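Enquirer: Provided herewith is a single structure, encoded as structure tokens, for subsequent inquiry.
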Amino acid sequence: MKNLKLKAARAAKDWSQQQLAEAVGVSRQTINAIEKGDYNPTIRLCIAICRVLGCTLDELFWTEEE
Amino acid sequence: MNESISYYAGFAVGLLVVMILCIALKRRALRSGKTPGEYDERQLAQRGIAFQRAYVTLLVLLLGNGILTGVLDRPWAQPGVEAFLLALTSVAVFVVECVRRDAYFTVAQTPKRYLWIIGAVVACQIPATVLHAVEGTFVEEGLLTIDVLAPAVMVLFAIVLAVLLVKQRSDKAEDEE
């Protein structure tokens, strides 16, 4: 499942995938894979992403059951 | 005998050149403060999958080779060459899988620089390949000889180069989206 919340939070900061990747110390492809829903990040990476984007885990990674 | 000495001397010189190059690159990286860095968590997971595939490939090849040479008694290469070619094939699987999964280069490494190095390795194998092809020494008594190592390495690096170039193109297209 695509992570549109992450994409929106990144876009709100006007950051590219590369900029976000550099900020959290991963490759651009890893950010791309998370946004596309191809990779589930560990809690450690989730927290790092939340910190640099100024969001909470709920805001970026919580999904309601369908 | 002389041929054997010159072969090993060539091998030693090649090894020395590679070692000197590696030390020089490492020192340069340390001076500039740019170290290769580490793989991120997704890359480590992807490399694990690539490693599994390469391992299974090697097992299948060993089994096939065992049946071919042991059961059917149909050897196809000299013993050392046989082992090298099987290992090379599984290494090729590992590298190609890593490249496909964006897990070949660390976060800090730039693929462009390595494209040139891989291209140079391919180019370096061309003279030996052509020479042995002209001499016709690839096969002796129905078995592949040690002379096939140059074209085998050339093919491996050419495949890696091609996959890297294709991957770079698709990454570029992705960046532009």
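Sequence order for the protein chains is F and H. Sequential numbering of the first sequence, starting at 398, is according to this note's numbering. Sequential numbering of the second sequence, starting at 2, is according to this note's numbering. Quick reminder that beta carbons are idealized off the backbone N, C-alpha and C, glycines included. Everything numeric in this text was worked out from a predicted model, so none of it was measured.
(1) Are the region 41-49 of chain H and the region 98-108 of chain H in contact at 8 angstroms, needing three or more beta carbon pairs?
(2) How big is the Cα-Cα spacing for Leu64/H and Gln414/F?
(3) For Leu145/H, write down the residues that DSSP places opposite it in a beta bridge.
(4) Quick one: is Gln53/H buried, meaning 16 or more other Cβ sit within 10 Å of its Cβ, or exposed?
(5) From Val18/H, Gln79/H, Leu132/H and Ala88/H, pick the residue whose C-alpha is nearest to that of Glu1/H; which is it?
(6) With a cut-off of 8 angstroms, do at least 3 Cβ pairs link the region 73-93 of chain H to the region 143-163 of chain H?
(7) Taking Ala88/H as the reference, give the member of Leu116/H, Leu59/H, Ile127/H and Ala153/H with the closest Cα.
(8) Alpha carbon to alpha carbon, how far is Thr111/H from Glu136/H? Give it in angstroms, no decimals.
(9) Would you be able to state if there are at least three C-beta pairs under 8 angstroms between the region 66-78 of chain H and the region 4-24 of chain H?
(10) Would you decide whether Ser91/H is buried or exposed? Buried here means 16 or more other CB atoms lie within 10 Å of its CB.
(11) Any residues in the region 36-47 of chain H with a beta carbon nearer than 7 angstroms to a beta carbon of chain F? Which ones, in chain order?
(12) Which chain C residues are close to Glu175/H, counting only those with a beta carbon under 8 angstroms from its beta carbon?
(13) State the CB to CB distance for the pair Ala406/F and Leu450/F, rounded to an integer number of angstroms; the pair is presumed to be in contact (CB under 8 angstroms).
(14) Suppose contacts are defined by Cβ-Cβ distances below 8 angstroms. Is Ile160/H in contact with Ala93/H by that definition?
(15) Kindly say whether Ala108/H, judged by its beta-carbon, lies nearer than 8 angstroms to any beta-carbon of chain F.
(16) So that I know if they touch, is there some Cβ in chain H lying closer than 8 angstroms to that of Leu417/F?
(17) Figure out for me which residue from Leu165/H, Ala109/H and Leu132/H has the closest Cα to the Cα of Glu419/F.
Expert: Quick look at the numbers:
(1) yes
(2) Counting from 1 along the second sequence, the entry for residue 64/H is found at position 63. Counting from 1 along the first sequence, the entry for residue 414/F is found at position 17. So the two alpha carbons sit approximately 45 angstroms from each other.
(3) On the second sequence, position 144 is the one that residue 145/H refers to. Its beta-bridge partners are Ala78/H and Val140/H.
(4) By one-based count along the second sequence, residue 53/H stands at place 52. With fewer than 16 other Cβ atoms within 10 Å, it is exposed.
(5) The requested residue 1/H does not occur in the structure, where chain H is confined to residues 2 to 178.
(6) yes
(7) Working through the second sequence from its first residue, we reach residue 88/H at position 87. Out of Leu116/H, Leu59/H, Ile127/H and Ala153/H, Leu59/H has the C-alpha closest to the C-alpha of Ala88/H.
(8) For this step, residue 136/H is matched to residue 135 along the second sequence. For this step, residue 111/H is matched to residue 110 along the second sequence. Approximately 40 angstroms, taken between the alpha carbons.
(9) no
(10) Taking the second sequence and counting its residues from 1, one reaches residue 91/H at position 90. It is buried - the Cβ of Ser91/H has at least 16 other Cβ atoms within 10 Å.
(11) Asp41, Glu42, Arg43 and Gln44
(12) Considering every chain present, this structure includes no chain C. Its protein chains are F and H.
(13) Taking the first sequence and counting its residues from 1, the one referred to as residue 406/F is at position 9. Taking the first sequence and counting its residues from 1, the one referred to as residue 450/F is at position 53. With a Cβ gap of about 5 angstroms, Ala406/F and Leu450/F count as contacting.
(14) Taking the first residue of the second sequence as position 1, residue 160/H is located at position 159. Taking the first residue of the second sequence as position 1, residue 93/H is located at position 92. In this structure, Ala93/H lies closer than 8 angstroms to Ile160/H by Cβ.
(15) By 1-based counting over the second sequence, the position of residue 108/H is 107. The sequence as given places Val at residue 108/H; Ala does not occur at that position. Cβ-Cβ to chain F under 8 angstroms: yes for Val108/H.
(16) Taking the first residue of the first sequence as 1, we reach residue 417/F at position 20. Taking Cβ atoms only, chain H never reaches closer than 8 angstroms to Leu417/F, which makes this a no.
(17) Indexing the first sequence from 1 puts residue 419/F at position 22. Of the candidates Leu165/H, Ala109/H and Leu132/H, the one whose C-alpha sits nearest the C-alpha of Glu419/F is Ala109/H.
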